[in-house]
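**Q** Encoded as structure tokens, here's the structure I'll be asking about.
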Amino acid sequence: MAVQVYEAPRNGRWYVAQDAKKTLRISASLYARNNSLQRKHNNTVLEFCEPAFLAEPLDTMQVLDVGCGTGDFTRDVLLPRCLPCARLIGIDCCVDMIEHASRHSVHEKIEYEVLDIGEDVNEFIARRGHFDRVYSFYSLNWLRDQGAALKNIAALMAPAAQCVLVFPASYQPATVWSLLAQMDRWAKYSETLLQFIAKSHHMEKAEQILYMSSLLHEAGLCPNIFVLSRLVTFDGWSEQDIVGAEMSLLPINHLVSDDERALLLDDVTTLVRKVHGPETDQSIFRTYIIMATKQNG
-3 MAVQVYEAPR NGRWYVAQDA KKTLRISASL YARNNSLQRK HNNTVLEFCE PAFLAEPLDT
57 MQVLDVGCGT GDFTRDVLLP RCLPCARLIG IDCCVDMIEH ASRHSVHEKI EYEVLDIGED
117 VNEFIARRGH FDRVYSFYSL NWLRDQGAAL KNIAALMAPA AQCVLVFPAS YQPATVWSLL
177 AQMDRWAKYS ETLLQFIAKS HHMEKAEQIL YMSSLLHEAG LCPNIFVLSR LVTFDGWSEQ
237 DIVGAEMSLL PINHLVSDDE RALLLDDVTT LVRKVHGPET DQSIFRTYII MATKQNG
């Protein structure tokens, strides 16, 4: 995913750089209003993985958060678990996210930087060095080429370093995007809607396990924990909360006109009732919970 600078929404309107259909755009302010419930799940995962770390945090340790988003989770949850680390760097491919994090999630031990984990990371490594821990929550699911991202994560890790990676193998928002792409009024946005759906989304459970196991092996990452569980992120949410989350994650938010936005909200609300409701088997939506150690050599 290419990264281009764009301005955040003002007065309900988006000001977008050229070639917008090929880049990921999520409004940081909209995302920040709708991510609090997801944070609860992330906390549960961290509690589960914490005992498997091979070393306690040291004051020389450098930590990386891949897909840090608005930075509130980075500062409020990850940092306390990593203290007394030397530095925690949050990266994200979305300029708006990094600008938001730099303004609203400030801490003396945290730095934020725009970086696409799916692209070349050599220059970043030359400046920042290697990392003793790498975290990534709900980020790798945006990438079609997850293998390249995992290889980059391994390249960023110091010898014997560990990473915690949590991301959907298949999830309701991607199904909503697929269904929107099939609707006549959103057909012109179908390429954008479909390009951020991971390959694993359409796989059965056994294939998802084999697929990700192979990518981890190719990246030189040895799993200490590998769980493919039913996705529970949206369990217990109200319809209003789910619709808000779905709208905040839509890849076409910045492309639709003001006139289209009300129609989009209506269609997303209808699809939420279908995809998140009893007529859809919720067991088909799954999350990878992975803790892995970088292999020597």
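Each residue of the sequence shown is one higher than the last, beginning at -3 in the working numbering. C-beta: ideal position from N, C-alpha, C; glycine also.
Tell me whether the beta-carbon of ILE113 lies closer than 7 Å to the beta-carbon of ARG71.
**A** Cβ distance not < 7 Å, so ILE113 and ARG71 don't count as in contact.
**Q** Taking 7 Å as the threshold (C-beta atoms), are LEU175 and LEU267 in contact?
**A** Yes; because the gap between Cβ atoms is below 7 Å, this pair is in contact.
**Q** Could you tell me the alpha carbon to alpha carbon distance between GLY86 and VAL252, rounded to whole angstroms?
**A** Taking the straight line joining both Cα atoms gives about 30 Å.
**Q** Give the single residue among HIS103, GLY65, VAL102 whose Cα lies nearest to the Cα of CYS90.
**A** Measuring from the Cα of CYS90, the nearest candidate turns out to be GLY65.
**Q** Under 6 Å from any heavy atom of the ligand FAD, does the C-beta of PRO155 make it?
**A** The ligand FAD is not among the ligands present in this structure, which contains no ligands whatsoever.
**Q** Compare the C-alpha of ASP263 against each of ASN118, ILE94, ALA177 and name the closest.
**A** For the residues ASN118, ILE94, ALA177, the minimum Cα distance to ASP263 belongs to ALA177.
**Q** Determine whether the Cβ of GLN142 lies closer than 7 Å to any Cβ atom of chain B.
**A** Chain labels in this structure do not include chain B; a single protein chain is all it has.
**Q** What is the C-beta distance between LEU111 and VAL117, in whole angstroms, given that I count them as a contact (C-beta under 8 Å)?
**A** That pair is a contact at about 7 Å.
**Q** Taking all protein chains shown into account, decide if HIS250 is buried (16 or more other Cβ within 10 angstroms of its Cβ) or exposed.
**A** Buried.
**Q** Which whole-angstrom value is the C-beta distance of PHE163 and TYR284, which I expect to be below 8 Å?
**A** Indeed, because the Cβ distance is near 6 Å, the residues count as touching under 8 Å.
**Q** Out of ARG269, GLY273, LEU227, point me to the one whose CA is closest to THR40's CA.
**A** Of ARG269, GLY273, LEU227, the residue nearest in Cα terms is LEU227.
**Q** Using three-state DSSP, classify CYS81 as helix, strand or coil.
**A** Reduced to three states, the DSSP call for CYS81 is coil.
**Q** Please name the residue, chosen from GLY273, LEU246, ASP88, that lies closest to TYR185 on a Cα-to-Cα basis.
**A** Comparing Cα positions, the closest option is LEU246.
**Q** Please look up how many angstroms separate the CB atoms of GLN158 and THR265, rounded, as I've assumed it's under 8 Å.
**A** About 41 Å; that fails the 8 Å criterion.
**Q** Rounded to whole angstroms, what is the Cα-Cα separation between PRO219 and ARG99?
**A** Looking at the two C-alpha atoms, the distance is approximately 36 Å.
**Q** Apart from the five residues just before and just after ASN30, which ones in its own chain have a Cβ nearer than 7 Å to its Cβ?
**A** Bear in mind that a pLDDT of 45 at ASN30, under 50, signals an unreliable position, so the number given afterwards is only what the model happens to contain. So the list reads GLY240, ALA241, SER244, once near-sequence residues are dropped.
**Q** Would you tell me roughly how many angstroms separate the C-alpha atoms of ALA97 and LEU211, rounded to the nearest one?
**A** Between ALA97 and LEU211, the C-alpha separation is close to 30 Å.
**Q** Nearest to LYS201 by alpha carbon, out of PHE192, TRP233, PHE230, TYR167?
**A** It is TYR167.
**Q** Just to confirm before moving on: does the CB-CB distance between ILE149 and VAL172 stay below 7 Å?
**A** No; because the gap between Cβ atoms is not below 7 Å, this pair is not in contact.
**Q** Just the C-alpha distance for LEU79 and ARG181, rounded to the nearest angstrom, thanks.
**A** Approximately 50 Å, taken between the alpha carbons.
**Q** Taking the beta carbon of ARG341 as the centre, do at least 16 other beta carbons fall within 10 Å, making it buried, or is it exposed?
**A** Missing from the structure shown is residue 341; the chain here goes from -3 to 293 and no further.
**Q** Where does LEU84 land, buried or exposed, given buried means 16+ other C-beta within 10 angstroms?
**A** LEU84 comes out buried.
**Q** Cβ of MET322 within 7 Å of Cβ of ILE221?
**A** An answer regarding residue 322 cannot be provided, because it is not within the stretch -3 to 293 covered by the chain.
**Q** Would you kindly check if the distance between the Cβ of ASP141 and the Cβ of GLN58 is under 7 Å?
**A** Going by C-beta atoms, GLN58 is not nearer than 7 Å to ASP141.
**Q** In this structure, does DSSP put THR276 in helix, strand or coil?
**A** Residue state, collapsed to three classes: coil.
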